[in-house]
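Please read the structure below before turning to the comments.
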Ligand SMILES: Nc1ncnc2c1ncn2[C@@H]1O[C@H](COP(=O)(O)OP(=O)(O)OP(=O)(O)O)[C@@H](O)[C@H]1O
Ligand SMILES: [Mg+2]
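Numbering (our numbering), first residue to last: 188 to 721.
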């Protein structure tokens, strides 16, 4: 298939330069991009405006953080500024000139590029091929070898290490994120907007990314990044703008504000997470993985003798840098990947290499890492997605008829408990939900049944504080009722707050297991990098 695709790749000589090339370099502090009283509505979907009178600007040389709860309108604002959506009302100015952006390509030509919340690359193609595909309609057409060369230069210049010849499907989330950024940098934009760029990155990768963003600002770019995390705002931005349910609640110099003020601007009230942990006695093993071996995507061994046990009423946190076998481990447990050797026992029954369906029916709930791709079916409505796993059973259906009144009641209850922002359960396609609202939907669907075994991969990525608090508390409640939870996360704070026991995975092996109460963050960090437990 690849070869047939390759012939569509551009082989034209380097042609015209883009419109902004050769234009005067902006002075530090010059406003590069500005929105004036911008409104966005989706009539027929929502009754209210999704963005209401937004005045926002980005200056040359600054990193500007955009903060807000799930569904506040951050992604929509980014879409408006980068040509994916057009505003219902209001104006957008690029370097002082009023523009109407016709397409993302048009925005790129004018020097504004956006890196998306979700990955957008074609998985079977290489990094360079993906960039080249994007160039097809552009006036900047290069042969593949030139694309590769330019990518190498860019990755060198900005410290974004990626092999242009690597296939996307073989890359870790962190590497894919770098590709997404390089794809935009390829156009040399003056303004770069990144939508939750760190949500799939390890702490170290995030640190590197912010160094890259700082570097870009120093070179005179304007950088906007969307986030939920205060540490990132205070660690990496010069200014911060807060949105709340479609309204701008303020723009501050980062050095002149604090967490409490930002929390108030975001939520209107304070949220603090305090978890109560009651001892749970049972010693019964719910999930047992014994000496498991499995191959990874490139056919190299990804799991090399993993053993672990999660008991009833226990949260087992698996810490590790992405790409050390976590993904393969989950895939084998949930039946999506074959084990080469070893066993998976669920509730005492051998479920090794059973079908995902069988494993689901045995009582395992799975919260996957890749939400849009694995967690939901995008074209289906929100209500349909809510009952994806239940519709075949009573009371959801009877004699192959859906019990609509029951389903509606059920879904309404979940929507209100998990605070999913959705205009119409039966008409809204889940595609239009914000990233965090999709995760809320998945959590609601997986957790309402009070499953006795949960495998959760980064369950709170992309969630705002309030939703994190809700999820953590729910996990604790389920734990008290006897649910076993295998928690995979790179967020050590999350692992340390929730877990009873912590295991560290490195290069396909568990290199140490410890009681969470006695665990030290620094030590876990070291073990994640490969140092052995004593
Ligand atoms: N194409 C669309 N049609 C209708 N509604 C939409 C569309 N795109 C977004 N919305 C709605 O606009 C609101 C704001 O969405 P947006 O994606 O900007 O949120 P966000 O602040 O990025 O949230 P998150 O942190 O969860 O990603 C949401 O309620 C969403 O469902
Ligand atoms: Mg978003």
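Idealized CB from N, CA, C, for every residue including glycine.
For residue j and residue i, believed in contact at Cβ under 8 Å, the rounded distance
{"i": "residue 744", "j": "residue 429", "result": "The requested residue 744 is not part of the displayed model; the chain covers only 188 to 721."}
{"i": "residue 649", "j": "residue 383", "result": "6 Å"}
{"i": "residue 730", "j": "residue 642", "result": "As displayed, the chain neither begins before 188 nor continues past 721, which places residue 730 out of reach and without an answer."}
{"i": "residue 539", "j": "residue 530", "result": "5 Å"}
{"i": "residue 420", "j": "residue 631", "result": "Not confirmed; about 28 Å, so no contact."}
{"i": "residue 467", "j": "residue 449", "result": "Between residue 449 and residue 467 the Cβ distance is about 36 Å, and since that is not below 8 Å, they are no contact."}
{"i": "residue 219", "j": "residue 246", "result": "7 Å"}
{"i": "residue 409", "j": "residue 378", "result": "4 Å"}
{"i": "residue 639", "j": "residue 670", "result": "6 Å"}
Rounded C-alpha distance that separates residue i from residue j
{"i": "residue 380", "j": "residue 667", "result": "43 Å"}
{"i": "residue 700", "j": "residue 571", "result": "40 Å"}
{"i": "residue 609", "j": "residue 558", "result": "17 Å"}
{"i": "residue 464", "j": "residue 611", "result": "38 Å"}
{"i": "residue 712", "j": "residue 363", "result": "23 Å"}
{"i": "residue 524", "j": "residue 279", "result": "48 Å"}
{"i": "residue 698", "j": "residue 479", "result": "14 Å"}
{"i": "residue 229", "j": "residue 696", "result": "49 Å"}
{"i": "residue 542", "j": "residue 689", "result": "28 Å"}
{"i": "residue 369", "j": "residue 304", "result": "15 Å"}
{"i": "residue 214", "j": "residue 298", "result": "15 Å"}
{"i": "residue 325", "j": "residue 296", "result": "At residue 325 the pLDDT is 47, less than 50, meaning the model places this residue with poor confidence; the figure from the coordinates comes in the next sentence. Residue 325 and residue 296: Cα-Cα distance of roughly 9 Å."}
{"i": "residue 592", "j": "residue 645", "result": "34 Å"}
{"i": "residue 624", "j": "residue 617", "result": "9 Å"}
{"i": "residue 628", "j": "residue 662", "result": "16 Å"}
{"i": "residue 603", "j": "residue 597", "result": "10 Å"}
{"i": "residue 569", "j": "residue 221", "result": "34 Å"}
Per-residue burial, residue i [other beta carbons within 10 Å of its own, 16 or more giving buried]
{"i": "residue 706", "result": "buried"}
{"i": "residue 208", "result": "Note that residue 208 has pLDDT 46, beneath the 50 cutoff, so the model's placement of it is unreliable and the number below is only indicative. Counting Cβ neighbours within 10 Å, residue 208 comes out exposed, since fewer than 16 surround it."}
{"i": "residue 578", "result": "exposed"}
{"i": "residue 445", "result": "exposed"}
{"i": "residue 659", "result": "buried"}
{"i": "residue 225", "result": "buried"}
{"i": "residue 211", "result": "exposed"}
{"i": "residue 249", "result": "buried"}
{"i": "residue 555", "result": "buried"}
{"i": "residue 356", "result": "exposed"}
{"i": "residue 709", "result": "exposed"}
{"i": "residue 263", "result": "buried"}
{"i": "residue 242", "result": "exposed"}
{"i": "residue 338", "result": "buried"}
{"i": "residue 235", "result": "exposed"}
{"i": "residue 442", "result": "exposed"}
{"i": "residue 580", "result": "exposed"}
{"i": "residue 287", "result": "exposed"}
{"i": "residue 566", "result": "exposed"}
{"i": "residue 471", "result": "exposed"}
Opposing strand residues paired with residue i [DSSP bridges]
{"i": "residue 644", "result": "675"}
{"i": "residue 475", "result": "496 and 532"}
{"i": "residue 716", "result": "DSSP output for residue 716 lists no bridge partner at all."}
{"i": "residue 438", "result": "428"}
{"i": "residue 251", "result": "411 and 426"}
{"i": "residue 301", "result": "380"}
{"i": "residue 285", "result": "280"}
{"i": "residue 489", "result": "Answer is none; residue 489 lacks a bridge partner."}
{"i": "residue 616", "result": "568"}
{"i": "residue 503", "result": "673 and 688"}
{"i": "residue 481", "result": "490"}
{"i": "residue 218", "result": "246"}
{"i": "residue 701", "result": "689"}
{"i": "residue 157", "result": "Examination of residue 157 is not possible in this model, given that the chain is present from 188 through 721 alone."}
Cutoff 7 Å: residue i Cβ touching any chain D Cβ
{"i": "residue 568", "result": "The structure shown contains no chain D, having only a single protein chain."}
Whole beta strand (DSSP E) elements within the region 539-572, 3-residue minimum: 551-554
Complete runs of the beta strand (DSSP E) confined to the region 317-397 [at least 3 residues]: 378-381
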